[in-house]
Structures are given as C-alpha cells and as structure tokens.
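Just so we're aligned, residue 670 is where the sequence shown starts under our numbering, counting upward by one. For each residue, glycine too, the CB sits at the ideal point set by N, CA and C. In this text, all values refer to a predicted model and were calculated from it rather than measured experimentally.
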Amino acid sequence: MAKTRQLNLLDTVLSEVDHALRTVHGHLATTNRPYPAQGLAEKPNMTETERDLAGRLMRINHAGEVSAQGLYRGQAFVANPTLKQHLHHAALEESDHLQWCNQRLQVLKTRPSLIGPFWYWGSFSIGAITGKMGDRLSLGFVKETEDQVINHINEHLTRLPANDLPDLAVLQQMKADEDKHGQAAMQAGGAKLPWPMRKLLMPFLSKVMTKTTYHL
C-alpha cells in the first residue's frame with residue numbers, strides 16, 4: 670500500500686501561493702451549490718448610474734471574499750490539524766461566494782479590485798498573526814470578521830437598486846452563510862475579542878477596505 674506523502678515547508682508555501690493565485694483570478698474549487706441568482710433575469714430598465722453602483726458594490730463584496738480566503742488560509746497555516754480542517758471547510762464554502770461575486774462582476778461589466786493580491790496577502794498575514802494568539806481568539810476573530818461582513822452586506826442590500834434581483838439574491842445567501850460561519854466559530858470554542866479590537870480596530874479595517882475598493 671502506497672504511503673501518503675507528507676508535505677514539507679516548501680510544499681506548503683507553494684500550495685499557499687497557488688491558492689492565492691487561484692483566489693485572485695477566480696478559479697477555486699467550490700461546493701457546487703446552486704447559484705442563488707439562477708433563473709433571475711437581468712432587468713433591462715436599470716440606468717447606467719444604477720448599474721455602475723451595483724458593480725462597485727459587488728466589487729467590494731468580491732474583494733471581501735478574496736480577503737476571507739486569505740484570512741482563513743492564514744489562520745489555518747498556523748493552526749493545529751483539527752482547527753485547520755474546520756478553517757479549510759469554511760474557506761471552501763466561502764469560495765462559492767467568490768465565484769458568485771465573480772459571475773456578477775462579469776454580468777455588470779465591472780472589473781475586480783486592482784489590488785486583489787494586497788487584500789489576500791494582507792488578510793493572510795492578519796490571519797496568521799491571530800492564529801498565533803491561540804485557537805479561542807483565532808475563532809473569535811472569525812466571528813467578528815463575519816459580523817463586519819454582515820454589516821456591510823446589510824448596507825449594500827439597502828443601496829442596491831430594488832430591481833437588481835440577481836445581486837440581491839446573491840447577497841442574501843452570502844449573509845446567511847456568513848452568519849452560519851460566525852456561529853460555527855463560536856461553537857467550536859471561539860472567545861469574544863477584546864473591546865478595542867471589536868469596536869475600533871475591526872470596524873476601521875473594514876471601512877478602509879470598503880472605501881478603497883469602491884474606487885480601486
């Protein structure tokens with residue numbers, strides 16, 4: 670019986686680089702769940718202003734999913750085997766979101782963020798740092814990150830044109846998934862983050878990402 674080859678550090682690093690490239694260019698494996706906007710027709714009466722707004726908002730969501738991949742992979746990079754499996758599973762489900770957002774960008778004829786690699790590797794670094802703080806805080810960071818994502822999805826749901834049914838459907842499903850991931854992180858042993866991280870640092874980082882990506 671053939672032995673399973675153990676990955677050395679170089680193998681692991683190359684695997685992470687490959688995942689980063691696939692994330693930024695939209696070619697990750699997914700769970701093959703149904704596309705939330707399947708069967709919803711594009712509304713021809715959207716104005717150019719409405720279409721531009723929808724495209725910019727979905728670019729923010731796409732960049733958020735790129736960041737989510739980096740965060741989960743960074744945390745998993747330093748995690749124990751059990752937690753690593755949990756994080757990789759969550760990242761796989763998040764890859765559905767990345768694919769859905771990428772589809773919407775193509776339909777809306779909007780480009781992804783020009784600094785996608787920065788969002789990925791910046792989040793990877795933050796994930797690795799929080800991962801080193803211990804499993805409970807690492808999982809708590811997942812919960813707080815998902816809460817920040819839900820906050821900006823809620824904002825986008827109010828700003829998107831009411832007739833943009835495909836984008837609304839995609840965001841509603843993403844919101845439900847983000848809530849599930851946050852709850853799962855706490856059930857797995859996550860600890861509530863210190864007040865300054867929850868109320869100052871995390872909202873600040875989220876605002877920087879959303880404001881920058883709206884334009885870039």
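In angstroms, rounded to a whole number, what distance separates the CA positions of residue i and residue j?
i	j	result
L798	Q707	Sequence inspection shows Ile at residue 798; the Leu mentioned does not correspond to that position. Distance between the alpha carbons of I798 and Q707: 39 angstroms.
L709	D836	10 angstroms
Q852	K812	7 angstroms
A671	N677	Residue confidence is low: A671 scores 49 on pLDDT, short of 50, so the model does not pin down where it sits. No coordinate-derived value is stated.
D721	T779	8 angstroms
V686	N714	42 angstroms
E711	P830	12 angstroms
W864	H825	26 angstroms
E703	T751	Position check: residue 703 holds Pro in this sequence, whereas Glu was assumed. Distance between the alpha carbons of P703 and T751: 28 angstroms.
L777	D833	11 angstroms
M878	E734	12 angstroms
T881	A732	10 angstroms
L783	E719	22 angstroms
K868	A689	29 angstroms
M866	T716	40 angstroms
D680	R828	44 angstroms
A854	L870	20 angstroms
Q754	L885	33 angstroms
H758	H850	10 angstroms
Residues in the same chain with beta-carbon distance under 6 angstroms from residue i, minus the five sequence neighbours each way, listed in chain order, please.
i	result
G796	L740, G743, Q744
E847	E815, V818, I819
D765	T699, T700, R702
S684	none
S792	S736, G739, L740
K891	Nothing in the structure corresponds to residue 891, since the chain is present only between 670 and 885.
P705	A838, V839, Q842
Excluding the five sequence neighbours on either side, which residues of its own chain have a C-beta within less than 7 angstroms of the C-beta of residue i, listed in chain order?
i	result
L756	Y741, Q744, A745, A748
F810	T799, L862
Y883	R725, I729
A723	L777, L829, P830, D833, D836
S794	G743
Can you give me the Cβ contacts of residue i inside the same chain, cut-off strictly under 8 angstroms, excluding the 5 residues immediately before and after it?
i	result
A760	A737, Q738, Y741, R742, A745
I822	N730, L840, M843, K844, E847
Q774	In the sequence on display, residue 774 carries Leu and not Gln. Cβ within range, chain order: G724, M727, R728, H731, R780, P781.
Can you confirm whether residue i, when its beta carbon is compared against all beta carbons of chain C, has any partner nearer than 8 angstroms?
i	result
R728	No chain C is present in this structure, which holds just one protein chain.
Confirm the yes/no value for this check: CB of residue i, any heavy atom of the ligand MN, distance under 7 angstroms.
i	result
P835	Absent from the structure shown: the ligand MN. Ligands present: none.
**Q.** Three CB pairs or more closer than 8 angstroms across the stretch 724-733 and the stretch 770-789
**A.** Proximity of the stretch 724-733 to the stretch 770-789 meets the contact definition, three or more beta-carbon pairs being nearer than 8 angstroms.
Q) Are the stretch 857-867 and the stretch 799-809 touching, with three or more C-beta to C-beta distances below 8 angstroms? A) Using a Cβ-Cβ distance cut-off of 8 angstroms, the stretch 857-867 and the stretch 799-809 are in contact, since at least three pairs of beta carbons, one from each stretch, lie closer than that value.
Q) For the 8 angstroms Cβ check, are there 3 or more pairs between the stretch 783-791 and the stretch 688-699? A) yes
Q | Validate contact between the stretch 874-882 and the stretch 829-849 using beta carbons, cut 8 angstroms, 3 pairs | A | no
Q.
Suppose only complete runs of 4+ residues qualify. What are the alpha helix (DSSP H) ranges in the stretch 818-865, listed by chain order?
A. 834-856, all fully within the stretch 818-865.
(Q) Which runs of the alpha helix (DSSP H) at least 4 residues long sit entirely within the stretch 713-788? Give them in chain order. (A) 717-746, 750-777
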